[in-house]
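I have placed the structure first, in the form of structure tokens, so that the comments after it can refer back to it.
In mature numbering (1 follows the signal peptide of the UniProt record, and there is no 0), the protein residues as written are -22 to -1, 1 to 144.
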């Protein structure tokens, strides 16, 4: 019996970080991710030191935000190394993303798989979205089923888009 319990516990361990990850302060995450986006989606070690106070984070908080982004598949690199993380192109800005709808979906995925109309100016405008780029991105993602219109003011991701296989 003990052997079966140990096997069951071992089988569940790989999934623990998905449900038990530390909560990252959304304001600090927004500041860190925004600063990386402003500088080409990565900061070197010297830039990290220069901008730490502008981001309003401690080195530990900075690393926590980026470790979370790496763990969730939005960035690559080593968060324990200052300047060691780069945001993925489809989570960076409209200039770096492969397409506007890919960026929209990744931003929504990071935002708990949803987007309220009131969040568009804060979450998408700084990434280069304008009405002429936002509407086609939404239509493309609605058209292929990645995004679902939940109400007049809320878009949500489909289950497959919200939890892609990594």
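Glycine is no exception: its CB is placed at the ideal position from the N, C-alpha and C atoms.
With which residues is residue 129 paired in a DSSP beta bridge? 132
Out of 120, 45, 72, point me to the one whose CA is closest to residue 103's CA. 72
Is it the case that the Cβ atoms of residue 54 and residue 68 are separated by a distance below 8 Å? no
Can you say whether residue 129 is buried or exposed, counting buried as having 16 or more other CB atoms within 10 angstroms of its CB? exposed
So, is residue 90 buried or exposed, given that buried needs 16 or more other C-beta atoms within 10 angstroms? exposed
With a cut-off of 8 Å on the beta carbons, I'd call residue 124 and residue 85 a contact; round off their distance for me. Contact flag wrong, Cβ pair sits at about 12 Å.
If the criterion is Cβ atoms closer than 8 Å, does the pair residue 21 and residue 61 meet it? yes
Go ahead and label residue 5 buried or exposed: buried means 16 or more other beta carbons lie within 10 angstroms of its beta carbon, across all protein chains shown. exposed
Only counting runs of 3 or more residues, tell me where the beta strand (DSSP E) segments fall wholly within the stretch 35 to 75, in order along the chain. 53 to 55, 63 to 65
According to DSSP, is residue 93 part of a helix, a strand, or is it coil? strand
Straight-line CA distance for residue 107 to residue 37? 30 Å
Quickly, what does DSSP pair residue 20 with across the bridge? List them, please. 64
Hey, out of 44, 1, 23, whose CA is closest to residue 12's CA? 44
Thinking C-alpha only, which one of 33, 46, 113 is nearest residue 81? 113
Can you name, in chain order, every residue of its own chain whose Cβ lies under 7 Å from the Cβ of residue 58, other than the five neighbours on each side? 41
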